[in-house]
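S.K.: Below you will find the structure I want to go over with you.
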Amino acid sequence: YCNRADTVSDSYNQWDCKQCGVSQCRSCSTSGSCSACNHPYHLHTGTLTDSCNQCTQQMHCSTGTYCDLADTGSSAYSSWSCKSCGVSRCTACSSYSSCTACQSGYHPYDGFRSDSCELCLTTSHCSPGSYCNKEDRASMTYDKYECVQCDSRCAACNRDGCTSCKAGYHLHKGLTTNTCEQCLDASHCGTGEYCTREDLGSSLSKKWECQPCDSKCASCNGGGARACTSCIS
(Lines of atoms letter the chains of each structure in order from A and count residues from 1; the text may use other names and numbers.)
(Lines give C-alpha, C1' and ligand atoms only; values in the text may rest on other atoms or scores of the structure.)
Protein backbone atom coordinates (compact mmCIF):
# COMPACT_ATOMS: atom_id res chain seq x y z
CA TYR A 1 0.00 0.00 0.00
CA CYS A 2 1.07 3.63 -0.51
CA ASN A 3 2.21 5.15 2.79
CA ARG A 4 3.06 8.72 3.77
CA ALA A 5 6.36 8.55 5.60
CA ASP A 6 7.33 10.75 8.53
CA THR A 7 9.96 13.38 7.57
CA VAL A 8 12.14 15.64 9.66
CA SER A 9 10.80 18.69 7.83
CA ASP A 10 7.16 19.62 7.40
CA SER A 11 8.06 21.43 4.17
CA TYR A 12 7.58 18.32 2.06
CA ASN A 13 5.96 14.83 2.21
CA GLN A 14 7.58 11.53 1.30
CA TRP A 15 5.43 8.65 0.02
CA ASP A 16 6.55 5.05 -0.41
CA CYS A 17 5.09 1.56 -0.83
CA LYS A 18 4.75 -0.59 2.28
CA GLN A 19 4.10 -4.30 2.69
CA CYS A 20 0.59 -5.20 3.93
CA GLY A 21 0.75 -6.07 7.63
CA VAL A 22 -1.88 -8.84 7.42
CA SER A 23 -0.49 -12.30 6.67
CA GLN A 24 -1.63 -13.74 3.30
CA CYS A 25 -3.16 -10.37 2.29
CA ARG A 26 -2.68 -9.31 -1.36
CA SER A 27 -4.44 -5.95 -1.27
CA CYS A 28 -4.67 -3.38 1.52
CA SER A 29 -4.90 0.37 2.23
CA THR A 30 -3.21 0.43 5.65
CA SER A 31 -0.95 -1.87 7.61
CA GLY A 32 -3.78 -3.47 9.60
CA SER A 33 -6.41 -3.53 6.85
CA CYS A 34 -7.02 -6.02 4.04
CA SER A 35 -9.43 -5.94 1.10
CA ALA A 36 -8.43 -9.21 -0.61
CA CYS A 37 -6.53 -12.36 0.42
CA ASN A 38 -4.26 -14.78 -1.40
CA HIS A 39 -5.94 -17.98 -2.61
CA PRO A 40 -7.26 -20.09 -0.84
CA TYR A 41 -7.59 -17.75 2.18
CA HIS A 42 -10.75 -15.83 3.09
CA LEU A 43 -11.09 -12.28 4.39
CA HIS A 44 -12.40 -11.54 7.89
CA THR A 45 -12.96 -7.89 8.79
CA GLY A 46 -11.95 -7.47 12.42
CA THR A 47 -12.64 -4.73 14.97
CA LEU A 48 -9.03 -3.52 15.13
CA THR A 49 -7.34 -5.42 12.33
CA ASP A 50 -8.41 -7.62 9.42
CA SER A 51 -7.19 -11.18 8.85
CA CYS A 52 -6.89 -13.79 6.09
CA ASN A 53 -8.14 -17.16 7.30
CA GLN A 54 -8.44 -20.74 6.14
CA CYS A 55 -12.21 -20.30 6.58
CA THR A 56 -14.81 -17.78 7.69
CA GLN A 57 -17.83 -20.08 7.25
CA GLN A 58 -18.58 -23.80 7.10
CA MET A 59 -18.66 -24.01 3.29
CA HIS A 60 -14.92 -23.23 3.16
CA CYS A 61 -14.07 -26.50 4.98
CA SER A 62 -13.91 -30.04 3.58
CA THR A 63 -16.01 -33.05 4.57
CA GLY A 64 -15.50 -34.10 8.19
CA THR A 65 -14.24 -30.68 9.32
CA TYR A 66 -15.77 -27.47 10.71
CA CYS A 67 -14.78 -23.78 10.77
CA ASP A 68 -13.42 -22.93 14.21
CA LEU A 69 -12.44 -19.61 15.82
CA ALA A 70 -9.04 -20.19 17.39
CA ASP A 71 -7.93 -18.58 20.64
CA THR A 72 -5.22 -16.11 19.56
CA GLY A 73 -4.57 -14.79 23.06
CA SER A 74 -5.59 -11.32 21.91
CA SER A 75 -8.93 -9.64 21.32
CA ALA A 76 -7.31 -7.49 18.59
CA TYR A 77 -7.74 -10.05 15.83
CA SER A 78 -9.42 -13.38 15.07
CA SER A 79 -8.01 -16.54 13.48
CA TRP A 80 -10.31 -19.04 11.81
CA SER A 81 -9.28 -22.52 10.66
CA CYS A 82 -10.83 -25.86 9.63
CA LYS A 83 -10.73 -28.46 12.40
CA SER A 84 -11.62 -32.16 12.25
CA CYS A 85 -14.98 -33.24 13.69
CA GLY A 86 -14.44 -34.93 17.05
CA VAL A 87 -17.24 -37.50 16.62
CA SER A 88 -16.16 -40.83 15.15
CA ARG A 89 -17.61 -41.56 11.65
CA CYS A 90 -19.01 -38.01 11.39
CA THR A 91 -18.94 -36.35 7.94
CA ALA A 92 -20.52 -32.97 8.83
CA CYS A 93 -20.37 -30.95 12.07
CA SER A 94 -20.53 -27.38 13.35
CA SER A 95 -18.32 -27.92 16.42
CA TYR A 96 -15.94 -30.54 17.84
CA SER A 97 -18.62 -32.52 19.71
CA SER A 98 -21.56 -31.99 17.31
CA CYS A 99 -22.54 -34.07 14.26
CA THR A 100 -25.21 -33.47 11.60
CA ALA A 101 -24.29 -36.25 9.13
CA CYS A 102 -22.53 -39.63 9.38
CA GLN A 103 -20.80 -42.13 7.13
CA SER A 104 -23.05 -44.45 5.12
CA GLY A 105 -24.76 -46.99 7.37
CA TYR A 106 -24.67 -44.73 10.45
CA HIS A 107 -27.16 -42.22 11.83
CA PRO A 108 -26.51 -38.95 13.76
CA TYR A 109 -27.70 -38.99 17.37
CA ASP A 110 -28.11 -35.77 19.36
CA GLY A 111 -26.49 -36.65 22.68
CA PHE A 112 -26.60 -34.88 26.04
CA ARG A 113 -22.98 -33.69 25.98
CA SER A 114 -21.70 -35.05 22.70
CA ASP A 115 -23.34 -36.28 19.49
CA SER A 116 -22.54 -39.70 18.04
CA CYS A 117 -22.94 -41.78 14.88
CA GLU A 118 -24.97 -44.91 15.60
CA LEU A 119 -25.77 -48.06 13.63
CA CYS A 120 -29.44 -47.49 14.44
CA LEU A 121 -31.81 -45.13 16.21
CA THR A 122 -35.00 -47.09 15.46
CA THR A 123 -35.68 -50.73 14.52
CA SER A 124 -36.37 -49.59 10.93
CA HIS A 125 -32.60 -49.04 10.62
CA CYS A 126 -31.97 -52.75 11.37
CA SER A 127 -32.34 -55.79 9.13
CA PRO A 128 -35.42 -58.07 9.43
CA GLY A 129 -35.21 -60.31 12.50
CA SER A 130 -33.34 -57.77 14.62
CA TYR A 131 -34.14 -54.67 16.68
CA CYS A 132 -32.43 -51.44 17.73
CA ASN A 133 -31.20 -51.63 21.32
CA LYS A 134 -29.86 -48.84 23.54
CA GLU A 135 -26.87 -50.14 25.47
CA ASP A 136 -26.83 -49.26 29.15
CA ARG A 137 -23.65 -47.36 30.06
CA ALA A 138 -22.09 -46.36 33.36
CA SER A 139 -21.24 -42.99 31.80
CA MET A 140 -24.01 -40.52 30.94
CA THR A 141 -21.76 -38.70 28.43
CA TYR A 142 -23.20 -40.54 25.46
CA ASP A 143 -25.43 -43.48 24.54
CA LYS A 144 -24.75 -46.37 22.20
CA TYR A 145 -27.34 -47.93 19.92
CA GLU A 146 -26.84 -51.19 18.03
CA CYS A 147 -28.88 -53.78 16.14
CA VAL A 148 -29.45 -56.97 18.13
CA GLN A 149 -30.52 -60.25 16.51
CA CYS A 150 -33.87 -61.68 17.59
CA ASP A 151 -34.28 -65.27 18.74
CA SER A 152 -34.34 -67.65 15.76
CA ARG A 153 -38.07 -68.32 16.28
CA CYS A 154 -39.06 -64.63 16.24
CA ALA A 155 -40.25 -62.83 13.13
CA ALA A 156 -39.88 -59.51 14.98
CA CYS A 157 -38.79 -58.49 18.48
CA ASN A 158 -37.81 -55.73 20.91
CA ARG A 159 -36.06 -55.55 24.29
CA ASP A 160 -38.93 -57.49 25.88
CA GLY A 161 -38.51 -60.41 23.48
CA CYS A 162 -40.55 -61.56 20.50
CA THR A 163 -43.42 -59.43 19.20
CA SER A 164 -44.39 -61.86 16.42
CA CYS A 165 -43.38 -65.40 15.48
CA LYS A 166 -42.29 -67.31 12.42
CA ALA A 167 -44.72 -69.81 10.88
CA GLY A 168 -45.26 -72.85 13.10
CA TYR A 169 -44.60 -70.99 16.37
CA HIS A 170 -46.90 -69.21 18.83
CA LEU A 171 -46.32 -66.07 20.92
CA HIS A 172 -46.07 -66.61 24.67
CA LYS A 173 -46.05 -63.49 26.86
CA GLY A 174 -43.96 -64.27 29.92
CA LEU A 175 -43.35 -62.35 33.13
CA THR A 176 -40.04 -60.87 31.97
CA THR A 177 -39.72 -61.82 28.31
CA ASN A 178 -41.92 -62.86 25.38
CA THR A 179 -41.01 -66.02 23.48
CA CYS A 180 -42.13 -67.99 20.45
CA GLU A 181 -43.07 -71.56 21.35
CA GLN A 182 -43.92 -74.71 19.38
CA CYS A 183 -47.20 -74.91 21.30
CA LEU A 184 -49.21 -73.26 24.05
CA ASP A 185 -51.89 -75.94 24.24
CA ALA A 186 -52.73 -79.32 22.64
CA SER A 187 -54.52 -77.69 19.69
CA HIS A 188 -51.09 -76.60 18.39
CA CYS A 189 -49.81 -80.20 18.34
CA GLY A 190 -50.47 -83.06 15.96
CA THR A 191 -52.56 -86.22 16.52
CA GLY A 192 -51.14 -88.37 19.32
CA GLU A 193 -49.18 -85.50 20.85
CA TYR A 194 -49.58 -83.22 23.86
CA CYS A 195 -48.15 -79.78 24.75
CA THR A 196 -45.73 -79.78 27.65
CA ARG A 197 -43.78 -77.10 29.49
CA GLU A 198 -40.10 -77.79 30.09
CA ASP A 199 -38.43 -76.11 33.05
CA LEU A 200 -35.17 -74.49 31.91
CA GLY A 201 -33.84 -74.03 35.44
CA SER A 202 -35.63 -70.77 36.22
CA SER A 203 -39.20 -70.09 37.31
CA LEU A 204 -39.22 -67.31 34.72
CA SER A 205 -37.81 -69.41 31.89
CA LYS A 206 -39.97 -72.12 30.36
CA LYS A 207 -40.03 -73.91 27.02
CA TRP A 208 -43.22 -75.26 25.46
CA GLU A 209 -43.08 -78.12 22.95
CA CYS A 210 -45.09 -81.02 21.55
CA GLN A 211 -44.32 -84.52 22.85
CA PRO A 212 -45.70 -87.89 21.71
CA CYS A 213 -48.34 -89.62 23.83
CA ASP A 214 -47.76 -93.09 25.25
CA SER A 215 -47.80 -95.76 22.52
CA LYS A 216 -51.16 -97.06 23.81
CA CYS A 217 -52.85 -93.60 23.63
CA ALA A 218 -54.73 -92.16 20.68
CA SER A 219 -54.82 -88.82 22.56
CA CYS A 220 -53.52 -87.62 25.91
CA ASN A 221 -52.94 -84.68 28.21
CA GLY A 222 -49.53 -85.72 29.44
CA GLY A 223 -46.84 -88.41 29.39
CA GLY A 224 -47.42 -92.05 30.36
CA ALA A 225 -50.33 -94.46 29.92
CA ARG A 226 -52.34 -92.89 32.75
CA ALA A 227 -52.51 -89.59 30.84
CA CYS A 228 -54.45 -91.13 27.95
CA THR A 229 -57.75 -89.42 27.12
CA SER A 230 -58.51 -92.03 24.44
CA CYS A 231 -56.93 -95.32 23.49
CA ILE A 232 -55.82 -96.91 20.26
CA SER A 233 -58.42 -99.47 19.14
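Sequential numbering from -8 applies to the sequence shown in this note's numbering.
Backbone N, C-alpha and C define an ideal beta-carbon position, used for all residues, glycine too.
Does DSSP classify residue -5 as helix, strand or coil?
M.R.: Counted from its first residue, the sequence shown places residue -5 at position 4. DSSP places residue -5 in strand when its eight states are reduced to three.
S.K.: Using the Cα positions of residue 124 and residue 111, report the straight-line distance between them to the nearest angstrom.
M.R.: Indexing the sequence shown from 1 puts residue 124 at position 133. Indexing the sequence shown from 1 puts residue 111 at position 120. The straight-line gap from Cα to Cα measures roughly 8 Å.
S.K.: Tell me residue 59's beta-bridge partners as DSSP assigns them.
M.R.: Here residue 59 refers to the residue found at position 68 when the sequence shown is read from its first residue. Looking at the DSSP assignment, residue 59 forms a beta bridge with 72.
S.K.: Identify the residues that DSSP records as bridge partners of residue 149: which are they?
M.R.: Within the sequence shown, the letter at position 158 stands for residue 149. When DSSP reads this structure, residue 149 sits in a beta bridge with 152.
S.K.: What is the residue span of the beta strand (DSSP E) that residue 220 lies within?
M.R.: Working through the sequence shown from its first residue, we reach residue 220 at position 229. Run containing residue 220: 219 to 222, per the beta strand (DSSP E) assignment.
S.K.: To which residues of the same chain is residue 205 closer than 6 Å at the C-beta, ignoring the five residues directly before and after it?
M.R.: Here residue 205 corresponds to residue number 214 of the sequence shown, with the count starting at 1. For residue 205, where only same-chain residues beyond five positions count, the Cβ hits under 6 Å are 215 and 216.
S.K.: If you reduce the DSSP assignment to three classes, tell me which class residue 213 lands in.
M.R.: Translated into the one-based positions of the sequence shown, residue 213 becomes position 222. Of the three classes helix, strand and coil, the one that applies to residue 213 here is coil, per DSSP.
S.K.: Quick one: measure Cβ to Cβ for residue 145 and residue 138, integer angstroms, because I've assumed they're closer than 8 Å.
M.R.: In the sequence shown, counting from the first residue as 1, residue 145 sits at position 154. In the sequence shown, counting from the first residue as 1, residue 138 sits at position 147. Contact flag wrong, Cβ pair sits at about 14 Å.
S.K.: In whole angstroms, what is the alpha-carbon distance linking residue 11 and residue 60?
M.R.: In the sequence shown, counting from the first residue as 1, residue 11 sits at position 20. In the sequence shown, counting from the first residue as 1, residue 60 sits at position 69. One C-alpha to the other measures close to 23 Å.
S.K.: Per the DSSP calculation, residue 161 is bridged to which residue(s)?
M.R.: One-based indexing of the sequence shown puts residue 161 at position 170. Bridge partners of residue 161 according to DSSP: 172.
S.K.: Measure the beta-carbon distance from residue 76 to residue 84 and round it to whole angstroms, keeping in mind my assumption that it falls under 8 Å.
M.R.: Locating residue 76 in the sequence shown gives position 85, counting from the first residue. Locating residue 84 in the sequence shown gives position 93, counting from the first residue. Right, the Cβ-Cβ distance comes to about 4 Å (below 8 Å), so this counts as a contact.
S.K.: Within 8 Å of any Cβ in chain C, is that where the Cβ of residue 58 sits?
M.R.: This model lacks chain C altogether; it includes just one protein chain.
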